[in-house]
Amino acid sequence: LDEPESLLYEKQSIGRRSVQTFRNSMQVLGFLKKPRVLVDEKGFPGNLTQKQLDAVMHFRSELSKRAASASNFKDGNIYPEMVGSFRDVEEEPYALCRFLRARDFNVDQVFEMMDEHMEIWKEAKKFDYYPDVDAATGCPMSVVLTQYPMLYSGNAKQGYPVCYFNAGRFTVPGIECITTMESIPIIVWNTMMYQVAGIFRDATDANPDFVRCEQITVINLEGLSASQLSSRTIEVLKQANAVAECFPEMLFKCIIINAPSFFAITWRIISAFLDANTTTKIELYSNKKKGQKRLTEIIDEKSLPSDFGGKGPSTQEILCKRSAKNGEQPPKRRIVELISAKKGGGECTLEFDLKSNETMKLQMYTRSELGAQFSIYKYSGESKSKIKTPVAENISVVRTGGNDDTPFTANLVDDLEGSGEYLLVGKSDKKSKGTDYFLVIGDVYRRARVAEYT
């Protein structure tokens, strides 16, 4: 058992290093019995039975053996990489116990669990777990998150980072306007390998005694329709969940709020491919008041986003603020709308407004084969007799490269300004054979500073 090197060695491509290096098994055993921070829960260092202690030491020894003997164990070096995913914030004994808790400290079953995910891990490793997620998905992440609205924001009262997901705003047509559904697992890989460790680091900075690499996930089903949960959507969610299962026992609790009546059937399907330990940590609320009451019990109301019943900024406001890169000024607000035009020259419209001190950059994302013509009008006059004055007409949104199945983007206007109400009108090509979807992204900036970021 006395290995001279630390089990969870540094991964060169990511450059992570364990917060505490254990040079031999006796040091690990000592920490398991008397940890730096005692978690008052079974299965954690300091709260292990003798049988569990033996399992941890056997697991560590077996990991080292497999990593050192590539001839006897194919991909043996991958196992310690999986266990040490968060080695810069999670001390080795806590990581070992986290994996073992997933299979009730049965070492053989833990390796079986890791083997189940070995192929997708190796595939992601080929691409270094997608460090440049914009390039990997072919679209800025800030735009992807308008249709796959998932974000980490703040911490719960007990210190756990909180991940919010507005499932009601998740749309397959919207995703396919900007990327592919197959990009969702790529996003999960990038999040887990390049973002989550930093999020846990922030939690430990706020509380040095926070040693559990676990999170609270809150899922809002408000606005979710049965049509959104197609067989293809469920399949992609399975793929994303397979990635998440490479990082076991990270969920402290999952709160699902505003569940519609039809979700009971869908839940039976989804829960079938979830890990048994995971399902015990999920709370489901259909009553809005009860769901929000539960959230405020575990998350401070000032930290809870307004669209989840709290007094903090909404998730849309947070995502808008985070959309700027490289020190750029973020938009003041963002208009996001998925519009559609029926086949054979159908029309799609969107109304929006601007204030006197605002200017807008308007972009269109689509995978329409034949494209469409768009015009922008400004309203004037009374509501019953509004007059439309053309601002920009017959802007052609057509594919200029790539194949017919890839999304593309077009700038409609870079600096639309002038207080008032506006109307965007699009007309699909008469040869169009199906419904065309267009995702409109309007970034609204303060006019006084437009020169800085247009």
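Residue numbers (our numbering): 64 to 517. Beta carbons: idealized from backbone N, C-alpha and C, even for Gly.
Taken atom to atom, the span from the alpha-carbon of residue 144 to that of residue 246 is near 23 Å.
A direct Cα-Cα distance of roughly 31 Å separates residue 394 from residue 191. Taking the CA atoms as reference points, residue 154 sits about 43 Å from residue 398. DSSP places residue 475 in the uninterrupted beta strand (DSSP E) bounded by 471-480. Here the C-alpha atom of residue 249 lies approximately 19 Å from the C-alpha atom of residue 337. Boundaries of the beta strand (DSSP E) harbouring residue 281: 278-283, taken from the DSSP string. Distances from the alpha-carbon of residue 323 to those of 230, 137, 217 and 490 put 230 closest. For residue 211, the secondary structure class from DSSP, reduced to helix, strand or coil, is coil. Residue pairing of residue 436 in beta bridges, as defined by DSSP: 459 and 490. The beta carbons of residue 164 and residue 106 sit closer together than 9 Å.
With a cutoff of 9 Å on beta-carbon distance, residue 348 and residue 319 are scored as near each other. The continuous alpha helix (DSSP H) containing residue 236 extends over residues 235-241.
Residue 433 holds the alpha-carbon nearest to the alpha-carbon of residue 494 among 433, 506 and 402. The DSSP-derived three-state label of residue 112 is coil. Residue 508 is a Cβ neighbour of residue 423, given a cutoff of 9 Å.
Rounded to whole angstroms, the separation of the alpha carbons of residue 255 and residue 430 is 29 Å. According to the DSSP assignment, residue 430 belongs to no alpha helix (DSSP H), since it is labelled neither H nor E. Put simply, the backbone Cα of residue 410 is about 26 Å away from that of residue 208.
Minimum Cα-Cα distance from residue 461 among the listed residues 453, 204, 491 and 401 corresponds to 491. By the Cβ-count criterion, residue 343 is exposed, with fewer than 16 other Cβ atoms from all chains shown falling within 10 Å of its own Cβ. Excluding sequence positions up to five before and after residue 452, its CB lies within less than 7 Å of the CB of 440, 441 and 443, all in the same chain and listed in chain order. When Cβ pairs closer than 8 Å are counted between the two stretches, the region 363-376 is seen not to touch the region 473-483, the count staying below three.
Residue burial annotation: residue 331 is exposed, with fewer than 16 other C-beta atoms found within 10 angstroms of its C-beta. Comparing alpha-carbon positions, the option among 383, 510 and 418 lying closest to residue 205 turns out to be 383.
Assigned with DSSP and collapsed to three states, residue 354 falls in helix. In the three-state reduction of the DSSP assignment, residue 226 falls in the strand class. For residue 450, the secondary structure class from DSSP, reduced to helix, strand or coil, is strand. The three-state secondary structure of residue 192, taken from DSSP, is coil. Assignment of residue 483 by DSSP, reduced to helix, strand and coil, places it in the strand class.
Taking the Cα of residue 283 as reference, the smallest distance to any Cα among 219, 131, 235 and 358 is reached at 358. Where residue 157 is concerned, there is no enclosing beta strand (DSSP E), although the alpha helix (DSSP H) around it starts and stops at 155-164. Here residue 175 is exposed, its C-beta having fewer than 16 other C-beta atoms within 10 Å.
When the beta-carbon positions are compared, residue 437 and residue 457 come within less than 9 Å of each other.
Put simply, the region 236-246 touches the region 401-421. At least three CB pairs are less than 8 Å apart.
The DSSP-derived three-state label of residue 326 is helix. Look at the beta carbons and you see the region 195-205 not touching the region 220-228: under three pairs across the two are nearer than 8 Å.
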